[in-house]
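Remarks on the structure that follows.
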Amino acid sequence: MTPSSKVFGWFDSGLLHPRQDLAPYPQEFERLWRAFMTARVSLGLMLVGLQGGLFLWVPQQSVLPLLIVLVYWGAALAVRLLTKPRAFGHTFDPQWISTVGIDLLVFAALQAGHNSSINYSPLFALPVLMASILGSLLMAMGTSAVVTLLLFGYASWVSIQTPWDTTTQFVQAALTGAGCFVIAVLASQLASRLASVELRAQRSHGAAASQRQVNELVIESLSDGVVVVDAHFQVRCVNPAALTMLGLSTKPDTDAPWLLTQQPAWRDLLEVVRQSHATQSQQQRDLSIQNTGQGPRHLRVHTQLTQSLEVEALPLCVVFMQDQREMQARLRTEKLASMGRMSAAVAHEIRNPLAAIVQANALLAEDLPEPSQLRLTQMVQQNAQRLEKIVHDVLHLAQVSGQDGTMTGAVLDLKESVVRVSRDWQQQVAAVDYLTLNLPDGDCEVWFDTEHLRRIVVNLLDNARRFASGQPGSIQVSVSLPGATWGQAAVGLHVWSDGGPLDPSVEQHLFEPFFSSDSRSSGLGLYICRELCQSHGAHMSYDRTFRQMNQVQQSGNEFSVMFGMDTPVASPARLQADKAT
1 MTPSSKVFGW FDSGLLHPRQ DLAPYPQEFE RLWRAFMTAR VSLGLMLVGL QGGLFLWVPQ
61 QSVLPLLIVL VYWGAALAVR LLTKPRAFGH TFDPQWISTV GIDLLVFAAL QAGHNSSINY
121 SPLFALPVLM ASILGSLLMA MGTSAVVTLL LFGYASWVSI QTPWDTTTQF VQAALTGAGC
181 FVIAVLASQL ASRLASVELR AQRSHGAAAS QRQVNELVIE SLSDGVVVVD AHFQVRCVNP
241 AALTMLGLST KPDTDAPWLL TQQPAWRDLL EVVRQSHATQ SQQQRDLSIQ NTGQGPRHLR
301 VHTQLTQSLE VEALPLCVVF MQDQREMQAR LRTEKLASMG RMSAAVAHEI RNPLAAIVQA
361 NALLAEDLPE PSQLRLTQMV QQNAQRLEKI VHDVLHLAQV SGQDGTMTGA VLDLKESVVR
421 VSRDWQQQVA AVDYLTLNLP DGDCEVWFDT EHLRRIVVNL LDNARRFASG QPGSIQVSVS
481 LPGATWGQAA VGLHVWSDGG PLDPSVEQHL FEPFFSSDSR SSGLGLYICR ELCQSHGAHM
541 SYDRTFRQMN QVQQSGNEFS VMFGMDTPVA SPARLQADKA T
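Each step along the sequence shown adds one to the number in the working numbering, with nothing skipped, and position 62 is 62.
Spelled out as structure tokens, the structure:
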């Protein structure tokens, strides 16, 4: 479909009523044209039989009428087979001459040359009707005028031959001519009315088709699931979101009926639809769907019944499904937005007392001679600095600029940093047995903030520990160099665990704030890690991969951090400057 240069609104007439002049000869006109041409051929064949019979059975019958109707039948057949349908113009054009004109000429010749009691004047109704329906009103009136002139001409010729019987011929010509004019007006008006009705029907059909396409696009793009079920529990329509909520990747085979009774996991949904049809009312319920090999999916379902346009037709049940996990994520996202708006106002109130604590602690350290007491002040100073950095990170996540708007960081030995953070984490959680480090040979330096890297590694290790089996090697931390795998152009950090596969709905929203499959988690960990990676030009991703564990290939969940090539680590001068400092 070629896009139009004009942009229509939702309720503009141009959107729902396409131009009709793109099809100048609609199918209905072609049908009428062919019907008239077939009638001319049939009439010509009938006249050939009539004149042939008269020539054989009537003595002294002239052969000229038979020749005229034979030529007429051949001309009508040629027009029917060789000419394409085309409307008459506003003048006596070749299209009019080859059809209506020939009819008038032949019928007038038969009327003037007949030697029997046969009256051919009723045949003039055919060309008048043809001009009225296939042409304009002006063309119909002109054709009627030609018929009237021919009839009056015939009456005048008869009056010359038989002067004693002229009144009847002129009255008959006048009545026939008046009838032709009446037929022309009525047929033209009826044809115009039918054409107008057909045009409105085509526009209504086009509007309905356009509206149906708009509705399908809207329903297909909805995040809420929509399922249409009839009274026999057969699924009529379903959108992609509903397929995901039902645990399906594609629609079932369309050749066979798709029933809600086919899957035991859908029994709660089936019960809601059954009650909605039984009570003829709306239903709303929270239910769970758990397919084989997948985690439970908690849904909020409400139904509505359609109004049947036919008396015997049963209404359809439209089921709207919402994933409660996504609903909660949206609520949490709104909370995060509110927290972000509050952060700028609260930051000043937090930093001022924090600065006072740091200053007072420094003054106190100057007056304390005991080493044990000095260690306490050092602990206060370290935690105050850590608290200040947390405040800065929260402001950064809320899209509030830092002190100078620049990215802080330093050149780090990634292997050394990973080893240090991993050992500290092992001692903290007593996970010495099942954590394995896989480090390559050679230098591996990246541009990153030390505290941010520690937070990312610790968060990924905590997530891995939550779902790992606890066996030796069930958590693996590795560092990869550029070129280690096909297409890898940067240094990578990978944290792998042998946990089970993630639910598709969880994987879809894995890095969104406040979204977690664990009710004890805030859902901010991976979101903060991703934001910290992006602030340093790195990229975090998730994939289901295989690793060597206990001498067998084991599938597991892997989170990777690819340190970007657009960070300052790509500049050798910057590396040397940071090493010198």
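Just so you know, even glycine gets a beta-carbon here, dropped at the ideal spot from N, CA and C.
Collapsing the DSSP output to three states places Phe88 in coil. Counting the other Cβ atoms within 10 Å of the Cβ of Phe29 gives 16 or more, which makes it buried.
Taking the Cβ atoms as the reference, Gly499 lies roughly 18 Å from Val561, outside the contact range of under 8 Å. Look at Asn550 here: in three-state DSSP terms it is coil, with no helix or strand label. About 6 Å separates the beta carbons of Tyr434 and Gly470, which is inside the 8 Å limit, making them a contact pair. DSSP places Trp258 in the coil class of the three-state scheme, outside both helix and strand. Listed in chain order, the non-local C-beta contacts of Gly135 below 6 Å within the same chain comprise Phe88, local neighbours out to five positions each way being set aside. Rounded to whole angstroms, the Cβ separation of Val273 and Leu260 is 6 Å, and the two are in contact under 8 Å. Taking a contact to require three or more Cβ pairs closer than 8 Å, the region 441 to 453 and the region 551 to 558 do not qualify as touching. Between Tyr154 and Ala207 a beta carbon distance of about 53 Å is seen, past the 8 Å cut, so the two are scored as non-contacting. By the Cβ-count criterion, Leu66 is buried, with 16 or more other Cβ atoms from all chains shown falling within 10 Å of its own Cβ. In the three-state reduction of the DSSP assignment, Asn438 falls in the strand class. Inter-residue distance for Trp425 and Glu271 is about 50 Å (C-alpha atoms, whole angstroms).
When rounded, the separation of the alpha-carbon atoms in Leu243 and Lys251 is 7 Å. Comparing alpha carbon positions, the residue from Ser204, Asp367, Gln548, Glu512 closest to Glu531 is Glu512. Per DSSP, the unbroken alpha helix (DSSP H) holding Leu175 starts and ends at 167 to 221.
With three or more CB-CB distances shorter than 8 Å, the region 119 to 126 counts as touching the region 37 to 44. Pairing Val235 with Val229 gives a Cβ-Cβ distance under 8 Å.
Cβ neighbours of Leu151 within its own chain (closer than 7 Å, five residues either side excluded): Ser121, Ala173, Thr176, Gly177. Sequence-distant partners of Ala140 (beyond 5 residues in either direction) whose C-beta falls short of 6 Å from its own C-beta, in its chain, are Ala131, Ser132, Ala184, Ser188. Looking at Ala209, Lys84, Arg325, the one whose alpha-carbon comes closest to that of Glu507 is Arg325. Distance from the CA atom of Ile528 to the CA atom of Gln284, rounded to whole angstroms, is 36 Å. When the five nearest sequence neighbours on each side are left out, the beta carbons in the same chain lying within less than 7 Å of the beta carbon of Lys415 are those of Leu439, Cys444, Val479, in order along the chain.
Counting only the Cα atoms, Gln534 lies some 29 Å from Gln427. In this structure, Pro127 sits near Thr143, with a CB-CB distance shorter than 8 Å. Inside the region 297 to 322, DSSP marks whole beta strand (DSSP E) runs of 3 or more residues at positions 297 to 305, from first to last along the chain. Cβ neighbours of Phe320 within its own chain (closer than 8 Å, five residues either side excluded): Asp224, Gly225, Val226, Val301, His302, Thr303, Gln304. Ala490 is not a Cβ neighbour of Ile475, given a cutoff of 8 Å. In the structure shown, the three-state DSSP call for Ser281 is coil.
Separation of the CB atoms of Ser497 and Phe467 is rounded to 6 Å, and the pair is thereby assigned contact status at 8 Å. Taking each of Leu54, Phe448, Ala355 in turn and checking the Cα distance to His539, the smallest one comes out for Phe448. Taking a 10 Å sphere around the C-beta of Gly537, we find 16 or more other C-beta atoms and assign the residue as buried. Phe511 sits in coil when the DSSP states are folded into three classes, being neither helix nor strand.
Following the DSSP letters along the chain, one finds Gly492 inside the beta strand (DSSP E) bounded by residues 492 to 497. When the five nearest sequence neighbours on each side are left out, the beta carbons in the same chain lying within less than 6 Å of the beta carbon of Arg86 are those of Gln95, in order along the chain. Comparing C-alpha distances from Trp33 to each of Asn459, Leu222, Leu461, Val79 shows the shortest one belongs to Val79.
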